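Structure first, commentary second.
4 protein chains.
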Amino acid sequence: MTLLADLLSTVFDRRYRSGPAARDDSRPLPDLASALVSASGETSGLALARSYLDRFEQLDDGEKLAVFHDLAEAKNIDPTQVRNTLAAYEADPSKATYRAFMAAAEPPRQELIRRLNQVPGATARLVRMRADLLRLGRGDPALQALDLDFRHLFASWFNRGFLVLRPINWESPAHILEKIIAYEAVHAIDSWDDLRRRLQPEDRRCFAFFHPAMPDEPLIFVEVALTQGIPGSIQMLLAEERAPLAAEDADTAVFYSISNCQAGLASISFGNSLIKQVAADLSTELAGLKTFVTLSPIPGLMRWYTAQEAPPPIDTSEALRATAAHYLLKAKTEGAAPLDPVARFHLGNGALVHAVHAGADTSEKGMAQSAGAMVNYLYDLGKVAQNHEKFATEKTVAASPEVRALAAGAARAQA
Amino acid sequence: MTLLADLLSTVFDRRYRSGPAARDDSRPLPDLASALVSASGETSGLALARSYLDRFEQLDDGEKLAVFHDLAEAKNIDPTQVRNTLAAYEADPSKATYRAFMAAAEPPRQELIRRLNQVPGATARLVRMRADLLRLGRGDPALQALDLDFRHLFASWFNRGFLVLRPINWESPAHILEKIIAYEAVHAIDSWDDLRRRLQPEDRRCFAFFHPAMPDEPLIFVEVALTQGIPGSIQMLLAEERAPLAAEDADTAVFYSISNCQAGLASISFGNSLIKQVAADLSTELAGLKTFVTLSPIPGLMRWYTAQEAPPPIDTSEALRATAAHYLLKAKTEGAAPLDPVARFHLGNGALVHAVHAGADTSEKGMAQSAGAMVNYLYDLGKVAQNHEKFATEKTVAASPEVRALAAGAARAQA
Amino acid sequence: MTLLADLLSTVFDRRYRSGPAARDDSRPLPDLASALVSASGETSGLALARSYLDRFEQLDDGEKLAVFHDLAEAKNIDPTQVRNTLAAYEADPSKATYRAFMAAAEPPRQELIRRLNQVPGATARLVRMRADLLRLGRGDPALQALDLDFRHLFASWFNRGFLVLRPINWESPAHILEKIIAYEAVHAIDSWDDLRRRLQPEDRRCFAFFHPAMPDEPLIFVEVALTQGIPGSIQMLLAEERAPLAAEDADTAVFYSISNCQAGLASISFGNSLIKQVAADLSTELAGLKTFVTLSPIPGLMRWYTAQEAPPPIDTSEALRATAAHYLLKAKTEGAAPLDPVARFHLGNGALVHAVHAGADTSEKGMAQSAGAMVNYLYDLGKVAQNHEKFATEKTVAASPEVRALAAGAARAQA
Amino acid sequence: MTLLADLLSTVFDRRYRSGPAARDDSRPLPDLASALVSASGETSGLALARSYLDRFEQLDDGEKLAVFHDLAEAKNIDPTQVRNTLAAYEADPSKATYRAFMAAAEPPRQELIRRLNQVPGATARLVRMRADLLRLGRGDPALQALDLDFRHLFASWFNRGFLVLRPINWESPAHILEKIIAYEAVHAIDSWDDLRRRLQPEDRRCFAFFHPAMPDEPLIFVEVALTQGIPGSIQMLLAEERAPLAAEDADTAVFYSISNCQAGLASISFGNSLIKQVAADLSTELAGLKTFVTLSPIPGLMRWYTAQEAPPPIDTSEALRATAAHYLLKAKTEGAAPLDPVARFHLGNGALVHAVHAGADTSEKGMAQSAGAMVNYLYDLGKVAQNHEKFATEKTVAASPEVRALAAGAARAQA
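Residue numbers (the working numbering), protein chains in the order written: chain A, 126 to 540; chain B, 126 to 540; chain C, 126 to 540; chain D, 126 to 540.
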């Protein structure tokens, strides 16, 4: 462990040692980008990269948009070049011709982004740059194409093999914890005391993925409650006055909140690995854990419900549960995927729809989005792979017999 | 620092937790590769990736070669596909058409390598896989093209921004130190006592680059001696009985050995950054350091010399020094770069040829390769960028007036 | 550093590994104590010690008092034994006779406390035990004598050489930070936001002493503001809306709050070392710092003032300042030490009374204790030893000419 | 863990920050000692302490002896003072009278040693000072008495509760490993390769105790072999060419070497705790371990044997084993303890004599001290406390029936 601790302490040092701001190169950013892409040496490259990042961050949105357009258009592939190098490669497949094709088939902006990343601390800055791009580029095909290049590189850099899973607890640094408060997207954390209630009791856990090049930034985190039996109410789960359970008495781990932290890492998927690794780690630590389950919102339920032509009444718990089950199992996107985004995520991971609860989230948000209904997705570690496979290939939604029966009842009611 | 230490300790844990070997998938490796590239979920992907790596490592060279040929041929780009998607993109440049082109223009083997890298600890294994490829693929154009894909991904993963510079000293872990002994390529370390002499005295330093995903493997390291004045003999520098200098009395840092550690990272350049960062760090720590210089071998001198038609005699120190100076400044490759590989490296970094010494390396190897001559390359931090620029653009070799005069003398002698 | 990090991680592990509670030994605690003191082996000793601590902590105050009385009386020295062994030692001074005297001259309760300390994590529990003793033993000579034994051992265990100075900042663990909030004794921290304002800006610092055997418990901490010039108002220093100063532009470090954290370590002095080490460390880090000064309350001023027979009016700032100066320089305890406890502390450390301010602490507490007056004690690192010496030997209070003049004015006014 | 890592990194820093040597106080060391004991402030105290330690370490043995005599005589208790303060305390037992007695009953040299320990890094220096004292003070009653004071303080500082158990392995720092090589006292380690064979295979372990104030110095370490069954030959256990066992296949942990590292910590017992904690930790890690046993030398066998009047022949393995068993069970010191020091240690810890082997240590040393015989002491964790108790109170030596029978046979042979 010792060298590793050292390694990372260096990363840290470097943040503070990155030195005085480079004297700015006053060329327009597009020229700077061109110079950087063609710079032959690392030395001059680093100075150019530093200038580019420093200056980009001081731009207003209009100026940033101009920079993105420069990347999207002037630093794009040259189709003629692609065609010519491809032809040469086909005629004579050699190292040299393949290298030429590779160079032509990849837009120069990819090399630009890689070179920007050589600046110490640049990774987090590039993630923020992409967040700007996603925000400003909506609906613009050229900028959406540009985003594919960012995404391609980020998928490689944020490869699962490079991520590090860390427990987050009451002994974690405050500057990390305040990010947990800020990023919690499902059930808001409204104070440090609220945070402590989610971290300190021995029946509460939290885990996050980090990347060594962004050690101060959680990428995604999951909050877990250890319980006896599967809970059906988030308010009871988070009640202030509850008595904590001894961790070794728990039989169930409930993933009750999963939050992505970085807008600039949209579509780089981590949640899948996170849940499975946390489940695996917890079952190693606590032999009593037998069930791994979520307590999840049904964010699209009421939107879908009110859009129905003749929606059945949901004036009883039972009716609401049946409608929710039906929605989760039958409501589909045009591509035949589940309409509910949270359902898509967990079913895609290999979970199954285990139970549906009424009166489970009585917060304002919970009532608005799903009339208070929530759902447990069950991660049966022995069946996850098979569920996933069927879902991926045949679009089969796995569900417990009970939920299946509920949904069938709803269908009958509706019929 | 605290979180960082934690982060890395996790990396470590994971190595040992990666769990029992996956049950091997018995399909032929080419089929496994195809399945992995097209796997839609991470779960099944991870199991396939693990099997592929495990099984590859048990192959003999002939079998490995077959695997590489599968990658080179069956997992190559499909030119028709590239052409078609390119045409579609040109006709209607949108996110979808660009995505299709990107997918077609990148050979599936790149995605394969990225997916293999999701296995914990895979990065080091892929580096070894490339070492096999370089060894087995020599002279085969298809395999050399395949290597460009490995290299392309490694350049992205081993981006300077992800590397960590660490001092190596007598408090470093033994399993790292034994690798320093094993990898030292310039002046062999023949025992732990010899190693201690290069690490423990306060006028000796060693630094290495590491990558967080391979924390037990130095990538490249440099050995430094702190001296008063510029030394002209490696045997005197490394003499067993010498009295160490107080570090704060040194005015010169001598980079007397730079060794790459990973055959599988050939052509991924780190040395450039390493020397400059070490020079910068040392000058921060020790205000007295004014001169940063190498004491370098001239590995190609005698090979070049004996190939000359009418070589001038080198029967005196002066004659040898003049010949060496001439060789360093004037002997060129077909591409007009310096013939000597070490000269190419340092001049490419922006150093200049500062002084040439006879009788500087009297070891058997030193006598054989350069008749005992060595050279100091000077890193003048204020001029490195400019030297580099001139070298890169005009092939100008920077040298001190003294060396320039020596070389001129040699030219006259030869004329 | 590596081994050290390891060392401490072990300490941590051990806290959680200390295992299930020992099965309680049901003998009365006095008998348990006797058994523990005479236990010959560590094994049985550890079990006894664990039982004793576990059971003590479950007692109510009356029962604890009984335990303390047992220690004070039944585990006290035996004067006859002391006299006899002393006589034997005088008659024949040998290793054996000296050993017998040592054993007799030390009350068995000291050995008891040392043996209790063998239980992992016991040190913090013994500190809490002494806190109980101080609280319950007030006014009882036998218990006060018992306390001297605790204090004697604690002074040895909490020796300055064993303490570790740590910066406390916004990257510190939350469970440490909440203790800073709880223990701040001078200017209350009323929320996590307030805490952040004292830790995160680059012109704010905080340092604490820790002991390796109680790594989760700060022993004492000091809060520091970096400023230009010496401040005369705590409210201005802590204003929410102020703009932080660049740390390297500061010329002054202001120690504006020092808080002891452990009631059970009363009279074990750390503050002295803390201020001096922090001053030394800060001056190494920030070359611009020239002045090290406190901004301190004058807690005893109004109590003393209202006790005067014919107090001069303090209806102007000037009058208040003169009165405060007079109080600080002239008001004495029976032992001729300064009457004000904060003054005693800083003057005893070698500081001097540098300036007195009216309207400097307008909080309710500040107005009540000193009518809003505060004082700067100056730590002139070059004169601290000499000031200390004069204060210790001649009771001389060092003060600036300005304060001296103020105090003289007050004396005239009073005359 | 995070704070802890920080804590220790500070300790480390401090070693290098302890700053330039204090300007030496030129007073004779006895005067310096007196000044230090009576210094009222920490500031001047620290400077005096530093001078004292620095100057002591430069003395030759004769001068050191003089310093020790000063401590033994001039800094001893004053019997009159003891008697007077004792009388005053008896007459009026109060805090003040008890404090006065405590001060008089403790020799000033104890306070001196505590104050010396305030210097950063002093603990290790004081341990070396005691090593000098033990070496130079042999046979001198006054110096032996002085040693009791060192020992008294060290027992308090090196309390089990302050020690940290660390695994030593091939990833440990080289400067620690070279100390393991140097300190191994039982079966010499003759090279780094030999060391690696004892640390790196998965069936080999090593653990050491450290003290946070001496993080670079192991205090005591134990080497462990994981085996199937109880071994009867050290040469087979350490054979170079053996195939390592998978750790989880082992049923037995063999403590085959325990070495104290610090001469200056003689008589401060750690070995007892070390074996038991290591056994507890290993049994947690490896569920298959059922037997914890030593493979120990019998250092006193031949010395005792050759001193017998009519020793029975030991010309067969059986005769040798019987004689060894007899020696271990029956040969006693004057105080009725086992004559063999290693037997005393393990039996005192609660182990029992499990088996005796001939031809078990065929090294020169093994043949000389015990004609090649070795012994297994068995730590039966369920009976250790009871064995210890009987040994401590009734001097009963626990042994297996087989060893008991062997010893009885020897007795018959001898009779």
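Every residue gets a Cβ at the ideal spot worked out from N, C-alpha and C, and that includes glycine.
Being a predicted model, the structure only gives us computed values, none of them experimental.
According to DSSP, is residue i helix, strand or coil?
i	result
I423 of chain D	coil
I383 of chain A	strand
L531 of chain D	helix
K520 of chain B	coil
K200 of chain B	coil
V500 of chain D	strand
K415 of chain A	coil
S525 of chain B	coil
D463 of chain D	According to the sequence shown, residue 463 of chain D is Pro rather than Asp. P463 of chain D falls in the strand class under three-state DSSP.
A119 of chain D	Here chain D comprises residues numbered 126 to 540, so residue 119 of chain D is not present and cannot be evaluated.
E365 of chain A	coil
Y231 of chain A	A small fix is needed here, since residue 231 of chain A is Glu in this sequence, not Tyr. If DSSP states are grouped into helix, strand and coil, E231 of chain A belongs with coil.
L154 of chain A	helix
A536 of chain C	helix
P574 of chain B	Since the first and last residues shown for chain B are 126 and 540, residue 574 of chain B lies out of range.
Is residue j closer than 8 Å to residue i when the C-beta atoms are compared?
i	j	result
P369 of chain C	E327 of chain C	yes
P424 of chain B	V467 of chain B	yes
D283 of chain A	I393 of chain A	First, the amino acid is wrong: residue 283 of chain A is Phe here, not Asp. Yes; because the gap between Cβ atoms is below 8 Å, this pair is in contact.
L477 of chain D	A524 of chain D	yes
G357 of chain C	A530 of chain C	no
I301 of chain A	P343 of chain A	yes
L472 of chain B	F516 of chain B	yes
L154 of chain B	F193 of chain B	no
E215 of chain D	P337 of chain C	no
R240 of chain B	A191 of chain B	no
Measure the beta-carbon distance from residue i to residue j and round it to whole angstroms, keeping in mind my assumption that it falls under 8 Å.
i	j	result
L259 of chain A	A388 of chain A	7 Å
E527 of chain B	A480 of chain B	7 Å
T431 of chain D	N501 of chain D	Actually they are not in contact, since the Cβ atoms of T431 of chain D and N501 of chain D sit about 25 Å apart, beyond 8 Å.
A371 of chain D	L414 of chain D	So it is not a contact: roughly 13 Å between Cβ atoms.
V244 of chain D	L178 of chain D	6 Å
F395 of chain A	F334 of chain A	5 Å
M427 of chain A	A496 of chain A	6 Å
(request) Mind checking the region 293–304 of chain D against chain B and listing, in chain order, the residues whose C-beta falls within less than 9 Å of any C-beta there? (result) For the region 293–304 of chain D, which is checked against every Cβ of chain B, the residues closer than 9 Å are N294, W295, E296, S297, P298, A299, H300, I301, L302, E303.
(message) If the cut-off is 7 Å on Cβ atoms, which residues from the region 305–334 of chain D count as contacting chain B, listed in chain order?
(response) Against chain B - using a Cβ distance shorter than 7 Å - the residues of the region 305–334 of chain D are W317.
(request) Taking 8 Å as the threshold, find out whether the region 447–454 of chain D comes into contact with the region 312–323 of chain D through three or more Cβ pairs. (result) In this structure the region 447–454 of chain D does not touch the region 312–323 of chain D; the number of beta carbon pairs closer than 8 Å is below three.
(request) Report yes or no: do the region 391–409 of chain A and the region 429–448 of chain A share at least 3 C-beta pairs separated by less than 8 Å? (result) Contact check between the region 391–409 of chain A and the region 429–448 of chain A: fewer than three CB pairs, one atom from each, fall below 8 Å, which does not count as touching.
(message) Closer than 8 Å between beta carbons: that is the criterion. Which residues of the region 276–289 of chain D meet it against chain C?
(response) Those would be H277, L278, A280, S281, W282, N284, R285, G286, F287, V289, in chain order.
(request) Closer than 9 Å, Cβ to Cβ, to anything on chain D: give me those residues from the region 207–220 of chain C, in chain order. (result) Taking 9 Å as the Cβ-Cβ cut-off against chain D, the residues of the region 207–220 of chain C that qualify are V207, R208, L211, A212, Y214, E215, D217, P218, S219, K220.
(request) Pair every Cβ in the region 255–274 of chain B with every Cβ in the region 296–315 of chain B, then say whether three or more of these pairs are closer than 8 Å. (result) Counting Cβ pairs under 8 Å, fewer than three are found: no touch.
(request) Give a yes or no on contact between the region 233–244 of chain A and the region 191–211 of chain A, applying the rule of three or more CB pairs nearer than 8 Å. (result) Output reads yes: the region 191–211 of chain A touches the region 233–244 of chain A.
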